[in-house]
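Heads up: the sequence shown runs through residues 7 to 352, numbered per the working numbering.
Heads up, the beta-carbon is just placed ideally off N, CA and C, and yes, glycines get one too.
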Amino acid sequence: MKGYVVQKGARFYAVIYEGVDPLTGRERRRWHPAGADRAAAEQLAIVLADRACPSDRQTGLTLATFLLRQWLPAKRVSLRPSTWDSYRRVIELHIVPRIGTVPLRRLRAQHLEALYADLLTNGRRDGTGGLDGKTVLEVHVIVHKALADARRKGLVVHNVAEDAEAPKRRRPTNQLRAWNLQQRQGFLTSARPHRLFPAFWLAVTTGMRRSELLGLRWEDIDLDTGRLAISRALVSVAYELHDSPGKTRNSRRPVDLDPVTAEVLRAWRTHRATESGRSLRDDDHVFATPAGEPIHPDSFSQTFNRIVAHAAIPRLRLHDYADVSVMPTSGRRPLIDRVVALARSA
Numbered sequence: 007m008k009g010y011v012v013q014k015g016a017r018f019y020a021v022i023y024e025g026v027d028p029l030t031g032r033e034r035r036r037w038h039p040a041g042a043d044r045a046a047a048e049q050l051a052i053v054l055a056d057r058a059c060p061s062d063r064q065t066g067l068t069l070a071t072f073l074l075r076q077w078l079p080a081k082r083v084s085l086r087p088s089t090w091d092s093y094r095r096v097i098e099l100h101i102v103p104r105i106g107t108v109p110l111r112r113l114r115a116q117h118l119e120a121l122y123a124d125l126l127t128n129g130r131r132d133g134t135g136g137l138d139g140k141t142v143l144e145v146h147v148i149v150h151k152a153l154a155d156a157r158r159k160g161l162v163v164h165n166v167a168e169d170a171e172a173p174k175r176r177r178p179t180n181q182l183r184a185w186n187l188q189q190r191q192g193f194l195t196s197a198r199p200h201r202l203f204p205a206f207w208l209a210v211t212t213g214m215r216r217s218e219l220l221g222l223r224w225e226d227i228d229l230d231t232g233r234l235a236i237s238r239a240l241v242s243v244a245y246e247l248h249d250s251p252g253k254t255r256n257s258r259r260p261v262d263l264d265p266v267t268a269e270v271l272r273a274w275r276t277h278r279a280t281e282s283g284r285s286l287r288d289d290d291h292v293f294a295t296p297a298g299e300p301i302h303p304d305s306f307s308q309t310f311n312r313i314v315a316h317a318a319i320p321r322l323r324l325h326d327y328a329d330v331s332v333m334p335t336s337g338r339r340p341l342i343d344r345v346v347a348l349a350r351s352a
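Encoded structure:
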């Protein structure tokens, strides 16, 4: 930034050159009254020229610098750890490598539309094609939120994401895969020797997801009344474990337990107390390692995959297996009774 002195009548002004406005392309100068003494005005111009103002620093602010050094650190206090980490991964993997060098105030809707088009055709890291529309829409949502905050803070005059054509949300076309009753029984039979068989049993009879199972604590279960409450999930953020409270009505719900499932959990509690050598506390995780530590979701999925690989049943993802178990109680009850009967005879 440069400064010089201009005289108008009997008064002098220290004029500071602040570069070119990236939005208008015009040069910017700021005039500071400096009195009737030229020497004093020249000294003021030197001082002001050497002093960096926030507006000067923001002029060259790139999208990457704004997202990674300003927006993400600020959002850490208001977002769930898992949500924050998903934002970080999207920004680092998909946004910064493609348009991160664009100055924030020069960003236009065309930059974003080119980003979305590239992600749809070449977005996969392994080079095998593009990302699905849902994932690219998530990129757009993150960019829109970040630019809305930038506008609120006065870093940009308009949120250009509002002008960008984003991918439309489409209904999934993949057909839902599910095991039939015999295949589920085959899985339960293969899982029976494993230490975590009660967790897989609970998944079959309730449809609970992996994160809900692993986040469950003994205070959430009432074995006398045969009910449990789902109010949290155990999630992995950069391979570190965090409890995540349920965000929606479906993720915070009571679940009825059939008598056999209640018996399975009661026997598991007795086993865990013997295994740990102490009385279990209410805040202990229901499904934990022998040392009492939470089980990592990735480890649980790997165990599931190994059991499925050794059983003569079609391979499904763990979440597919849980998803198809979720039905209205009236439709699920006969299936539960049949699975329990088969498991008893196994």
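Cβ distance (whole Å) where residue i is taken to contact residue j below 8 Å
| i | j | result |
| --- | --- | --- |
| L161 | L110 | 6 Å |
| R34 | E24 | 4 Å |
| H291 | R223 | 6 Å |
Neighbourhood of residue i by C-beta, 6 Å cutoff - its chain only, sequence neighbours within 5 removed
| i | result |
| --- | --- |
| M333 | Residue confidence is low: M333 scores 36 on pLDDT, short of 50, so the model does not pin down where it sits. Its coordinate-derived value is still stated next. Nothing listed; no residue qualifies. |
| V142 | Y122, L125, L126 and P173 |
| D226 | L234 and A235 |
| V12 | Y19 and V21 |
Rounded separation between residue i and residue j - CA only
| i | j | result |
| --- | --- | --- |
| F203 | V149 | 43 Å |
| A197 | A315 | 11 Å |
| K159 | G283 | 56 Å |
| S307 | R216 | 8 Å |
| H117 | D155 | 19 Å |
| L286 | R272 | 12 Å |
| F293 | A205 | 7 Å |
| T89 | Q76 | 17 Å |
| L4 | T211 | For residue 4 there is no data in the structure shown, the boundaries of the chain being 7 and 352. |
| F72 | A244 | 22 Å |
| A45 | R114 | 45 Å |
| D169 | R312 | 48 Å |
| Y93 | K81 | 10 Å |
| V391 | V102 | Not covered by the structure: residue 391. The range shown for the chain is 7 to 352. |
| P189 | F310 | Here residue 189 is Gln; the residue named in the question, Pro, does not match the sequence. Approximately 14 Å between the Cα atoms of the pair. |
CB contact flag (residue i, residue j, <7 Å)
| i | j | result |
| --- | --- | --- |
| V166 | V96 | no |
| V270 | L234 | no |
| L54 | I22 | yes |
| T107 | T134 | no |
| R238 | P251 | yes |
Closest by C-alpha distance to residue i, when choosing among the options
| i | options | result |
| --- | --- | --- |
| D289 | Q189, G298 and G283 | G298 |
| A268 | G129, V108, A209 and E168 | A209 |
| G139 | E171, L194, R190 and I105 | E171 |
| L78 | A152, P303 and G133 | A152 |
| G213 | A184, T195, H164 and P199 | A184 |
| R321 | N186, W274 and P199 | N186 |
| W274 | S242, H200, A318 and S305 | H200 |
| L263 | Q49, E98, A318 and W207 | W207 |
Cutoff 8 Å; reference residue i; Cβ partners in own chain excluding five residues on either side
| i | result |
| --- | --- |
| E281 | P296 |
| A42 | A16, R17 and F18 |
| P340 | In this predicted model, P340 has a pLDDT of only 43, less than 50, meaning its place in the structure is not dependable; the value taken from the coordinates is given anyway. Once the five neighbours on either side are set aside, P340 has no close Cβ partner at all. |
| P265 | G232 |
| G66 | P109 |
Cutoff 7 Å; reference residue i; Cβ partners in own chain excluding five residues on either side
| i | result |
| --- | --- |
| H100 | L125, G129 and V145 |
| L240 | S217, L220, G221, L247, D249, P300 and P303 |
| I52 | G9 |
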